[in-house]
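S.K.: Residue numbers (this note's numbering), protein chains in the order written: chain L, 1 to 300; chain R, 1001 to 1300. Even for Gly, the Cβ is constructed at its ideal location relative to N, Cα and C. Remember, predicted model here, so these are calculated numbers, not experimental data.
2 protein chains.
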Amino acid sequence: MRQANLPLCEEHFTWWFERRVERTLRRYSMVGPGDKVLVAVSGGKDSVSLLCALLELSEEMGFEISSITLDLGISGYSEACVEASRRVAGELGVEHHVVSIRERYGFTLDEAVRVVRRPPCSTCGLIKRYALTDLAREMGFDALATGHTLDDMARFILSSYISASLDELVRLTPSSASGLPGVPKRIKPFYETLEEHIRLYAEIRGLEYMPDGCPYAGTAPTDFLRAFLAELEARRPGSLYSMVRGYLKHIRPALQAQFGDGLRELRSCSKCGLPSSGEVCAFCRLREKVLKRLGRGGGP
Amino acid sequence: MRQANLPLCEEHFTWWFERRVERTLRRYSMVGPGDKVLVAVSGGKDSVSLLCALLELSEEMGFEISSITLDLGISGYSEACVEASRRVAGELGVEHHVVSIRERYGFTLDEAVRVVRRPPCSTCGLIKRYALTDLAREMGFDALATGHTLDDMARFILSSYISASLDELVRLTPSSASGLPGVPKRIKPFYETLEEHIRLYAEIRGLEYMPDGCPYAGTAPTDFLRAFLAELEARRPGSLYSMVRGYLKHIRPALQAQFGDGLRELRSCSKCGLPSSGEVCAFCRLREKVLKRLGRGGGP
C-alpha cells in the first residue's frame, strides 16, 4: 500500500481490501440486512472482483447477492465476456443470469454503433445503464451494484470539472436512489478502491477475468484523462482518493445547496417508466432510432 | 484561433487579443477611470505582454499604468530579468521601478532557499506576492496587475480540486480586493487568456522577453499538471477556459455560499499591517526565520 506505506502479505491484503469495501458499503449506506443485490458482471477484473468481495461480505452483513451479465452483441468479444462471467460466478457459487440485449431490445451494440453517430463507449454506457436497471427492477432487486472504481469516479469528476457540467457533477455519487417505487438504487462499492488494488485482489483470489480487449476500446475521449490520472496517482499516491472525497464532501454538497435538486430532477419515462430527465428517456429514444434505421419497426 | 476556428492576420490578432483583455478587465470590474495600476513585470513573455496590452488599453479606458520589477537575488538570473524588464518598459515609455528584495527585506531568494525547507517556487511566490503588495501600497496604487494566465489559473484550480483544498479554491479569483484601507486590489487581466496567444502577441508586438530559464524551474510539483493541461488544450481546444469559467460561475459561488466568507477571512498582520490569515503574516514569519538563520537579526 503505497499511500499508507504498508507492506501486507497476500492474506492480509485480501482482508484489508474487503474491509475497505465494507467501509464504503457502510459509509454510504449502500446495503441493509435482507437486501437483495444484483451484481453487474462484465467479466473484466473490476466486476469479477466485485462479485467475489460482495460474496465474502454478504454473509456477515446479511444481504443476498445474485449476478447478471449482458450479452451486448459485440461480435467476437461479447461471447467471451459472457463465458468468463459465467465461469467465475459458477466457481464462486453465485446465481448468474445472462440476458441478450438483441433478444430483449431488438438490436446489438454493433448495430447501434453502426447506425447512430454517438461515440461507441457512450452508446454502450447508455445501453448498459438502462438494461441493468430495467432487469434489476423486473427481477425485484433492492440494489444494483456496478464495478465503477475510484479511478473511474476520479475520471468522471475531472471530466465534469473540465466541461463545467453541473448536471453531471451532482450525479457522481457512490449510491443513488431512483426516487421511483420499485426501481432499485444503484451502488458503487468500489467507489473508494483503486484499480491497482483490484487487479492485485483478483490475482490473489485466483479470479480468471477477461483481459481488456473490447474492440471499441481506445475510442473514448476520456482515455487521455485515464492516463493522466494513473500518472498523478503514481507520482502522488492518494491523489485520486483526495480528489473524489473532496468532491463528495465539499463540492457536491455546495452545488446541491446552491442549485437545488432541480439539477437532477428525474421523472418516469412515458414509454418504459424508468427514470428519465425528459418526457421520454435517452434509451427509448436511442432504441426507437436504431430500430427505425435497421428497418425493424418501433419501440415497445 | 483554434477554439473559434478563426484565422486572423497579425493586425487583427493584436486587435482581438487586446479586446479579449479589455473584456476581462470590464467583466470583473478590474479597473475604473482614473485608477493607478502598478504592473508587476518579471521580464518573461506574460508580464511584458501584460504591460504592452495594458498600455494600449489604458488610454481608451482612462486608467494610468506604471511598472515594477523585483530584483529577487537569484544569482546569474535576476540581473538579466531586471535588464529585460527595464528595456521593454523603456521602449514602451512606461515608468519603471526596480526594487531589490535584498535591500528592502535583508535577504535574497537564493539565501532564503538555502536556509528554509520550503520548495523554491513556493518561497519565491510568497516573497513576490508580499513585496509587490507592500510596494504598491507604499507607492499609493489602486491596483496591482500580475501576469497570471488562463493556463496558470487552470493549474491552480486543478491542483486545488485534487488536494481538495477549500481555502485555496475560493481564492483563485480574477480580481480580489484586500478589504484593508490603503491596500491595493490584485488583478489578473490575463485570467481568460491562453499563454499560447500571449506568446504570439509578444512576438507580433516585437517584445524582447526573457526566455524561461530560472535555475529553480522544474522543481515545482505542479509542472506535471502544466504538461497535462497543455495537452488537454491541444486535444480539446477551449478546455481550460471552460474549466476556469465553470469554477468561477458555479463551483466558487456555491462553496462561498455554503462555507461562508470565513474561508478567506483576512486580518491585518500585527508586524507589517498587510493582509494575513493569522496573527503574523506568512512573509513576516519567513523573513524572521531567514534573517535569524543568516545571523542578520530579527524583522521590523
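What residue range does the alpha helix (DSSP H) around ARG186 of chain L cover?
M.R.: Where ARG186 of chain L is concerned, there is no enclosing alpha helix (DSSP H), although the beta strand (DSSP E) it sits in stretches over 185-187.
S.K.: Is it the case that the stretch 147-155 of chain L contacts the stretch 99-109 of chain L, given that we only count it when at least three CB pairs across the two stretches are under 8 angstroms?
M.R.: No, they do not touch.
S.K.: Helix, strand or coil for THR133 of chain L? Go by DSSP, reduced to three states.
M.R.: Reduced to three states, the DSSP call for THR133 of chain L is helix.
S.K.: State the DSSP-derived secondary structure class of ARG1267 of chain R, mapped to helix, strand or coil.
M.R.: Strand at ARG1267 of chain R.
S.K.: Closer than 8 angstroms, Cβ to Cβ, to anything on chain R: give me those residues from the stretch 230-264 of chain L, in chain order.
M.R.: Hits within the stretch, in order: GLU231, LEU232, ARG235, ARG236, SER239, SER242, MET243, ARG245, GLY246, TYR247, LYS249, HIS250, ILE251, PRO253, ALA254, LEU255, ALA257, GLN258, PHE259.
S.K.: Roughly how many whole angstroms lie between the Cα atoms of GLY299 of chain L and LYS271 of chain L?
M.R.: Reliability fails at GLY299 of chain L, whose pLDDT of 48 lies under 50, so the model's placement of it is uncertain and the value that follows must be treated cautiously. Distance between the alpha carbons of GLY299 of chain L and LYS271 of chain L: 9 angstroms.
S.K.: Confirm, please, whether the CB-CB distance from LEU1232 of chain R to LEU1194 of chain R is below 8 angstroms.
M.R.: No.
S.K.: In chain R, which residues lie with their C-beta within 7 angstroms of the C-beta of PHE156 of chain L?
M.R.: None at all; the shortest Cβ gap to chain R is about 13 angstroms.
S.K.: Assuming contact is defined by CB atoms lying nearer than 8 angstroms, are VAL1037 of chain R and GLU1056 of chain R in contact in what I supplied?
M.R.: In this structure, GLU1056 of chain R does not lie closer than 8 angstroms to VAL1037 of chain R by Cβ.
S.K.: CA-CA distance, ALA1089 of chain R and GLU1288 of chain R?
M.R.: The straight-line gap from Cα to Cα measures roughly 34 angstroms.
S.K.: Which one or two residues does DSSP pair with ILE157 of chain L in a beta bridge?
M.R.: DSSP, once it has assigned bridges, lists no residue as partnering ILE157 of chain L.
S.K.: Who are the near neighbours of THR1069 of chain R in its chain, counting only those whose CB is closer than 6 angstroms to its CB and skipping five residues on each side?
M.R.: Answer for THR1069 of chain R: VAL1041, VAL1082, SER1085, VAL1098, listed in chain order.
S.K.: Examine chain R for any beta-carbon lying closer than 8 angstroms to the beta-carbon of SER163 of chain L, and answer yes or no.
M.R.: Closer than 8 angstroms: yes.
S.K.: Note down, in chain order, every chain L residue with its Cβ under 7 angstroms from the Cβ of PHE1228 of chain R.
M.R.: Ordered by position in chain L, the residues that pass the 7 angstroms Cβ test against PHE1228 of chain R are PHE228.
S.K.: Let me check understanding here. Comparing Cα to Cα, which of R:LEU1072, R:GLY1043, R:ARG1117, R:GLU1022 lies closest to GLU1059 of chain R?
M.R.: Here the closest residue by C-alpha is R:GLU1022.
S.K.: Could you check what DSSP says for GLU208 of chain L in three-state terms: helix, strand or coil?
M.R.: Three-state DSSP puts GLU208 of chain L in coil, outside helix and strand.
S.K.: Is the CB of LEU1172 of chain R under 8 angstroms away from at least one CB in chain L?
M.R.: No - not a single Cβ of chain L is within 8 angstroms of the one on LEU1172 of chain R.
S.K.: Starting from GLU22 of chain L and walking both ways along the beta strand (DSSP E), at which residues does that stretch end?
M.R.: First-last for GLU22 of chain L: 10-27, but that is the alpha helix (DSSP H), not the beta strand (DSSP E).
S.K.: Check the Cβ of PHE224 of chain L against every Cβ in chain R and list those closer than 8 angstroms, keeping chain order.
M.R.: GLU1231, LEU1232, ARG1235, listed in chain order.
S.K.: Any contact of the stretch 275-290 of chain L with the stretch 1168-1179 of chain R, i.e. 3+ C-beta pairs under 8 angstroms?
M.R.: Judged by Cβ distances under 8 angstroms, the stretch 275-290 of chain L makes no contact with the stretch 1168-1179 of chain R, as fewer than three pairs qualify.
S.K.: From the beta carbon of LEU166 of chain L, is the nearest beta carbon of chain R less than 8 angstroms away?
M.R.: LEU166 of chain L counts as touching chain R.
S.K.: Check whether the stretch 1045-1053 of chain R touches the stretch 1199-1208 of chain R, taking contact to mean three or more Cβ pairs, one atom from each stretch, closer than 8 angstroms.
M.R.: Yes, since at least three Cβ pairs between the stretch 1045-1053 of chain R and the stretch 1199-1208 of chain R fall closer than 8 angstroms, the two stretches touch.
S.K.: Between PRO300 of chain L and chain R, is there a C-beta pair that is closer than 8 angstroms?
M.R.: With a pLDDT of only 48 at PRO300 of chain L, under 50, the local geometry of the prediction cannot be trusted, and no value is derived from it.
S.K.: Using 8 angstroms as the cut-off, can you tell me whether the stretch 132-147 of chain L makes contact with the stretch 155-165 of chain L, which would need three or more C-beta pairs spanning the two stretches below that distance?
M.R.: The stretch 132-147 of chain L, when compared against the stretch 155-165 of chain L, does not touch it at the 8 angstroms Cβ threshold.
S.K.: Tell me the rounded alpha-carbon separation between ARG1019 of chain R and SER1178 of chain R.
M.R.: Distance between the alpha carbons of ARG1019 of chain R and SER1178 of chain R is about 27 angstroms.
S.K.: Anyone know if the C-beta pair for LEU1072 of chain R and SER1066 of chain R falls short of 8 angstroms?
M.R.: Taking 8 angstroms as the Cβ cut-off, LEU1072 of chain R and SER1066 of chain R do not qualify as a contacting pair.
S.K.: Could you tell me which of L:VAL39, L:HIS12, L:SER47 sits nearest to PRO211 of chain L, measuring between CA atoms?
M.R.: Nearest option by C-alpha distance: L:SER47.
S.K.: What's the C-alpha gap between PRO119 of chain L and VAL113 of chain L?
M.R.: Each residue's Cα considered, the two are about 8 angstroms apart.
S.K.: I need the DSSP call for VAL1115 of chain R, collapsed to helix, strand or coil.
M.R.: Three-state result, VAL1115 of chain R: helix.
S.K.: Would you say GLY1297 of chain R touches the ligand GTP, meaning its beta carbon is less than 7 angstroms from a heavy atom?
M.R.: Absence of the ligand GTP is noted for the structure shown, with no ligands found whatsoever.
S.K.: In its own chain, which residues sit with a C-beta less than 7 angstroms from the C-beta of VAL115 of chain L, not counting the 5 before and 5 after it?
M.R.: Closer than 7 angstroms at the Cβ level, and outside the excluded window around VAL115 of chain L, lie VAL290, ARG293, LEU294.
S.K.: Could you name the residues of the same chain whose beta carbon sits closer than 7 angstroms to that of GLU1010 of chain R, not counting the 5 residues immediately before and after it, in chain order?
M.R.: Excluding residues within five positions, the ones whose Cβ falls inside 7 angstroms are ILE1204.
S.K.: Report yes if the C-beta distance between HIS1250 of chain R and ALA164 of chain L is below 8 angstroms; otherwise report no.
M.R.: The answer is yes: Cβ separation under 8 angstroms.
S.K.: Mind checking which residues open and close the beta strand (DSSP E) that includes VAL39 of chain L?
M.R.: Segment 36-40, the beta strand (DSSP E) holding VAL39 of chain L.
S.K.: Quick one, which of L:GLY140, L:ARG104, L:PHE141 has its alpha-carbon nearest LYS128 of chain L's?
M.R.: Minimum Cα distance to LYS128 of chain L is reached at L:ARG104.
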